[in-house]
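*Asks:* Once you've had a glance at the structure underneath, I'll fire off some questions.
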Amino acid sequence: MKRVLKNLVLLSLSLVMILSLTACGKSDKEVLKVYNWGDYIDKSVIESFEKENNVKVIYEEFATNEEMYAKMKAGSDDYDVLIPSDYMIKKMIDEDMLHKIDMNNVSNYGLIQDRFKNLAFDPKNEYSVPYMWGTVGIIYNKTMVKEPVDSWKILWDEKYSKKIFMLDSIRDSIGITQKMLGYSLNSKDQNELQNVKKALIEQLPLVLAYVGDEVKDKMIGGEAALAVVWSGDAMYMKRENPDLEYVIPKEGTNIWYDSMVIPKGSNNKELSEKFINYMCKTDVALKNVEFIGYSSPQDEVIKQLPKELTSDKAAYPNIEDLENSEVFEDLSSSLELYDRIWTEVKSKY
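Okay, structure coming up:
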């Protein structure tokens, strides 16, 4: 009995030592929790940051700005760095959800072009640091679509029934419909929004599916003739399938800016700023651009990219290509109407 008791004591002591060592091991590294879009970073960048700073990065992904916002409002406030879009950043600033960033700790902020600073959603550059930018447009398969593609109206053409992918995104799908009808994509006019709902319902029989990141593989595989996509995804698809081409319709589109921010619930603001500064390093930013295909806000990065990429209007459109285009704004209480429209449209699919 004594031997058994002695063994139990020894086992207990061993467990205490193991747990103590494990706890010490965990405390050796700071933890940074990052919440970003899917397929929106070169994972080797995270690994390099971990090694250089002896930290652990917990990396999670979201599909839409609305999904990210809902999770944050529900109490998931332990993230350190988020990468939302312009209008959502404005909303989070207005709701006191973000820290001001100490730009003294983000020296690489100076590498960002001036055209991406002092934007309406963060006019004093206090809360956000630009990450990527781009547009929303149509990618089409040239073997399936022979006519010119220059208008959103082609997505309502019955000859492409069940050959169209739409984005499973409230603002994007409603936004392109607004542009197709000649409205602002920030309209709060109830009559205009009812016309948008009617148009989206009329389009339902033509839509093969509402999609997210999976649209890339589907269009590369020739599963549809047309799809609404973000420009960076289009660059990847074009690279993988030369039959694909991307256009910004003549009615205009959404120009978007994704930026890095620090939520109020961050457990380590200083490490968050170190990560943001690291992401702005030229070599790191270049690696990310090459991996994900989106457009960089940094001159030095653009200079190091191949000419065939920087001359491609899908990635770096001319000013005239962006005529009639807009940036999404925070809709405030009108977002509830957008939500109701989108819910009703999807319920009929």
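Count the sequence shown with mature numbering (1 follows the signal peptide of the UniProt record, and there is no 0) and you get residues -25 to -1, 1 to 324, in order.
Note that the Cβ used here is the ideal one computed from N, Cα and C, for glycine as well.
If you measure between the beta carbons of residue 296 and residue 223, is that distance less than 8 Å?
*Replies:* Against a cut-off of 8 Å, the Cβ pair of residue 223 and residue 296 comes out as a contact.
*Asks:* Can you round the beta-carbon distance between residue 58 and residue 317 to whole angstroms, since I take them to be within the 8 Å contact cut?
*Replies:* Not a contact, Cβ separation roughly 23 Å.
*Asks:* Rounded to the nearest angstrom, what separates residue 214 and residue 3 at their Cα positions?
*Replies:* About 43 Å.
*Asks:* Give a yes or no on whether the C-beta atoms belonging to residue 306 and residue 163 are separated by under 8 Å.
*Replies:* Cβ atoms of residue 306 and residue 163: closer than 8 Å.
*Asks:* Take the Cβ of residue 49 as the centre, count every other Cβ of all protein chains shown within 10 Å, and call the residue buried at 16 or more, exposed below.
*Replies:* Label assigned to residue 49: exposed.
*Asks:* What are the boundary residues of the beta strand (DSSP E) that residue 235 is part of?
*Replies:* Residue 235 -> beta strand (DSSP E) spans 230 to 235.
*Asks:* Can you tell me whether DSSP reads residue 167 as helix, strand or coil?
*Replies:* Residue state, collapsed to three classes: helix.
*Asks:* With a threshold of 8 Å, are at least 3 pairs of Cβ atoms found where one atom belongs to the segment 140 to 156 and the other to the segment 178 to 192?
*Replies:* With a cut-off of 8 Å, the segment 178 to 192 and the segment 140 to 156 count as touching, because enough Cβ pairs lie within range.
*Asks:* Since residue 24 is in the alpha helix (DSSP H), which residue starts that stretch and which ends it?
*Replies:* Its alpha helix (DSSP H) spans residues 18 to 28.
*Asks:* Residues in the same chain with beta-carbon distance under 6 Å from residue 181, minus the five sequence neighbours each way, listed in chain order, please.
*Replies:* Here the set comprises 136, 139.
*Asks:* In terms of alpha-carbon separation, which member of 17, 205, 118 lies closest to residue 197?
*Replies:* Among 17, 205, 118, the Cα nearest to that of residue 197 belongs to 118.
*Asks:* Spatial neighbours of residue -10 within its chain, please: CB distance less than 8 Å, with the 5 preceding and 5 following residues excluded, ordered by chain position.
*Replies:* A caution first: residue -10 carries a pLDDT of 41, below 50, which makes its placement in the model too unreliable to give a value.
*Asks:* Pick helix, strand or coil for residue 313, following the three-state DSSP scheme.
*Replies:* Looking at residue 313 - three-state DSSP - the assignment turns out to be helix.
*Asks:* May I ask which residues mark the beginning and end of the beta strand (DSSP E) holding residue 141?
*Replies:* Residue 141 -> beta strand (DSSP E) spans 139 to 142.
*Asks:* Looking at the unbroken alpha helix (DSSP H) that takes in residue 202, where does it start and where does it end?
*Replies:* No alpha helix (DSSP H) holds residue 202; the beta strand (DSSP E) holding it covers 201 to 205.
*Asks:* In chain order, what residues of the same chain have a beta carbon less than 8 Å from the beta carbon of residue 255, not counting five sequence neighbours either side?
*Replies:* So the list reads 81, 83, 84, 86, 87, 104, 273, once near-sequence residues are dropped.
*Asks:* Mapping the DSSP letters down to three states, classify residue 113 as helix, strand or coil.
*Replies:* DSSP places residue 113 in strand when its eight states are reduced to three.
*Asks:* Going by the CB atoms, is the gap between residue 20 and residue 193 shorter than 8 Å?
*Replies:* Their beta carbons are not under 8 Å apart, which means residue 193 does not touch residue 20 by this criterion.
*Asks:* When you compare only the Cα positions, how much space is there between residue 302 and residue 71?
*Replies:* Whole-angstrom Cα-Cα distance: 22 Å.
*Asks:* Is it right to say residue 157 is buried, meaning 16 or more other beta carbons lie within 10 angstroms of its own, or is it exposed?
*Replies:* The residue is exposed, with fewer than 16 neighbouring Cβ atoms inside 10 Å.
*Asks:* Determine the closest residue to residue 304 out of 204, 126, 66, with distance taken between C-alpha atoms.
*Replies:* Of 204, 126, 66, the residue nearest in Cα terms is 66.
*Asks:* First and last residue of the alpha helix (DSSP H) that includes residue 54?
*Replies:* First-last for residue 54: undefined, no H or E at that position.
*Asks:* According to DSSP, simplified to helix, strand and coil, what is residue -1?
*Replies:* In this predicted model, residue -1 has a pLDDT of only 45, less than 50, meaning its place in the structure is not dependable; the value taken from the coordinates is given anyway. Residue -1: helix per DSSP, three-state reduction.
*Asks:* Name the DSSP beta bridge partners of residue 107, please?
*Replies:* DSSP output for residue 107 lists 233 as bridge partner(s).
*Asks:* DSSP state of residue 279, grouped into three classes?
*Replies:* Reduced to three states, the DSSP call for residue 279 is coil.
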